Amino acid sequence: VAHLYEVALSHTTSTAAAHIATVVTAAGARAEIREIGVFATTAAAGEVCLGRPAAAGTGTLSTTALGQALDAADAVSVTNLCTVFGTLQPTAPTVFFRKIQLPALVGAGIVWVWAPGELIVPVSANLCIWQASAVAVGYDCYIKYVE
Amino acid sequence: VSRLYEVAISVTLSGTAGPLATILAGTGTQCEVREVTCSTVGTATGRLEMEIGRPGSAGTGAATGTLVQALDADDVAGQATLVTSFATTQPTIPSPFMRRQLCGTVNGSAFTAVWGPGSLIIAAGAQLVLWSLAGNGVFDCYVKVAE
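For the record, the sequence lines run as chains A and B. Note that the first sequence covers residues 182 to 328 in my numbering. Note that the second sequence covers residues 815 to 961 in my numbering.
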């Protein structure tokens, strides 16, 4: 039986291309992404991308949020949305799935959706919501997924 | 079984009418287009008025581009390529176009074109051109396809 989870966080990037947040799956469960929403909370223009990192982040998940079950009776999720890894941050995807430029407006955003069975993050893997532009931008972001 | 793939690129256009990119189906399999999204990166000199259609004449020669990426990492590699240049001749203008859509010159201006399963098919080895009327600037573009 598949269970649905969501989790949201806020993060402000530095003035360098880097991940905004990374979906981190555990050894025991893959995640099937259904939706990702990213919205600017500051008036700066970010180029938001999505992809599997060339090298995954390493070390303890320092700043992270655990997925929350949409049905409170469901099992606790083991997938995290992480903004800071303890040792190494994930590196830029070699090829991106998606790229979109956001205008320099508070509230500018994008919602990406996928149907059941489409976008899969394997066990113990990363999927990066990446900012390609070298500019500090505040973001609210959330993911919806099945585990 | 149908498998899902996506790929994203950034393209610099000079204002001359021509392909922003071309979806080239693999020689062994047809390609079903599900989504095309474009956005303006920075302030463009000329708006991206994009027409989508089958080229009058297909591009010829070696293709330079980026292979589509499997949304499920366990799937076989995709065969379609998002092509930015052909070595010998570029695809010619479609007639008629299937769609006309617009990204303005404003940073973050964007459009998304979507098709349902089984709707927009590129035959094996054939092309679908994303034609720019007079785009002048940098534009992000991603496509989602099924094979």
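Glycine included, each C-beta is placed from N, C-alpha and C at the ideal position. Keep in mind that this is a model prediction, so the values were computed, not measured.
Chain-ordered neighbours of residue i on chain A, where CB pairs are closer than 8 Å
{"i": "L885/B", "result": "F278, W295, E299, L300 and I301"}
{"i": "T851/B", "result": "R279 and I281"}
Within chain B, the residues that residue i reaches when beta carbons sit closer than 7 Å
{"i": "C230/A", "result": "A822"}
Inter-residue CB distance, residue i and residue j (contact presumed, cutoff 8 Å)
{"i": "G267/A", "j": "G227/A", "result": "G267/A to G227/A, Cβ: 25 Å. No contact."}
{"i": "P284/A", "j": "V920/B", "result": "7 Å"}
{"i": "G875/B", "j": "T902/B", "result": "3 Å"}
{"i": "F925/B", "j": "L916/B", "result": "6 Å"}
{"i": "G939/B", "j": "A839/B", "result": "6 Å"}
Chain-ordered neighbours of residue i on chain B, where CB pairs are closer than 9 Å
{"i": "L270/A", "result": "Residue identity differs from the one stated: residue 270/A is Gln in this sequence, not Leu. None at all; the shortest Cβ gap to chain B is about 21 Å."}
{"i": "A289/A", "result": "G922"}
Neighbourhood of residue i by C-beta distance below 7 Å, restricted to the same chain and skipping five residues each side
{"i": "T196/A", "result": "A315, V316 and A317"}
{"i": "G870/B", "result": "T906, I907, P908 and S909"}
{"i": "A225/A", "result": "A285, V316, A317 and V318"}
{"i": "L190/A", "result": "A202, A246, L262, T264 and C322"}
{"i": "W929/B", "result": "V847 and R848"}
{"i": "Q844/B", "result": "I935, I936, A937 and A938"}
Under 7 Å by beta carbon: chain A residues contacting residue i
{"i": "N921/B", "result": "A226, Q282, P284 and A285"}
{"i": "L818/B", "result": "E299"}
{"i": "V855/B", "result": "E228 and Q282"}
{"i": "T880/B", "result": "V276"}
8 Å CB neighbourhood of residue i in its chain, flanking five on each side removed
{"i": "V890/B", "result": "R817 and A884"}
{"i": "G860/B", "result": "L827, G829, T919, A948, G949, N950 and G951"}
{"i": "F900/B", "result": "T836, G873, T874, G875, A876, A877 and T878"}
Residues that residue i contacts on chain A, provided the C-beta gap is smaller than 9 Å
{"i": "T903/B", "result": "Result: empty, since nearest Cβ-Cβ is about 26 Å, beyond 9 Å."}
Residue i and residue j closer than 9 Å at C-beta
{"i": "G334/A", "j": "G290/A", "result": "Here chain A comprises residues numbered 182 to 328, so residue 334/A is not present and cannot be evaluated."}
{"i": "I837/B", "j": "V943/B", "result": "yes"}
{"i": "T841/B", "j": "Q893/B", "result": "yes"}
{"i": "I281/A", "j": "D886/B", "result": "no"}
{"i": "A822/B", "j": "R215/A", "result": "no"}
{"i": "S127/A", "j": "V188/A", "result": "For residue 127/A there is no data in the structure shown, the boundaries of chain A being 182 and 328."}
{"i": "S946/B", "j": "G832/B", "result": "yes"}
{"i": "H204/A", "j": "Y326/A", "result": "Sequence check: residue 204/A is Val here, not His. For V204/A and Y326/A, yes; Cβs fall inside 9 Å."}
{"i": "M864/B", "j": "L896/B", "result": "no"}
{"i": "H192/A", "j": "W311/A", "result": "no"}
{"i": "A237/A", "j": "A313/A", "result": "no"}
Same chain only: Cβ atoms within 6 Å of residue i, ignoring 5 sequence neighbours per side
{"i": "V850/B", "result": "A927 and V957"}
{"i": "D252/A", "result": "none"}
{"i": "V304/A", "result": "T206, A208 and R211"}
{"i": "A306/A", "result": "T206"}
Proximity test, residue i beta-carbon vs the ligand GTP heavy atom, cut-off 8 Å
{"i": "S828/B", "result": "With respect to small molecules bound, the structure shown includes none, and the ligand GTP cannot be examined in it."}
Inset, instruction - Kindly confirm or deny that the segment 272-282 of chain A and the segment 201-211 of chain A touch, where touching means at least three C-beta pairs closer than 8 Å. - result: No: the two stretches stay apart, fewer than three of their Cβ pairs being nearer than 8 Å.
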